[in-house]
Amino acid sequence: MIDKTAREARAIRDARTPFAEALTDLGLMEPFFHRSAEDIDRLIEAAVTGYIDSMQNQAARKERTGTALDDPLPF
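Set out below in structure tokens:
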């Protein structure tokens, strides 16, 4: 995220706790324990940006339902 708003920056800081909890639950905290807040924020930002980009790309396409009328009618 370039030029984060104050709310975006706060949301990333607030996400550190659940991120740390997930790392602990998965037994992955050790490699991250001595990382800087900036490094952790960078990981959170990458995940959030990837998620948002994917959701926006998916929203631009009609979701297939698997029914016979998924595709446009040929007439």
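Per numbering that gives the first Met the number 0: the sequence shown = residues 0 to 74.
Even glycine gets a Cβ: it sits at the ideal position worked out from N, Cα and C.
Quick caveat: nothing in here was measured; it's all calculated off a predicted structure.
Query	Result
Assigned exposure category for D2 - 16 Cβ within 10 Å defines buried	exposed
Neighbourhood of I11 by C-beta distance below 7 Å, restricted to the same chain and skipping five residues each side	D40, I43 and E44
Given R9 as reference, the closest of R60, A36, F31 and P30 once Cα atoms are compared	A36
Rounded C-alpha distance that separates F18 from T64	33 Å
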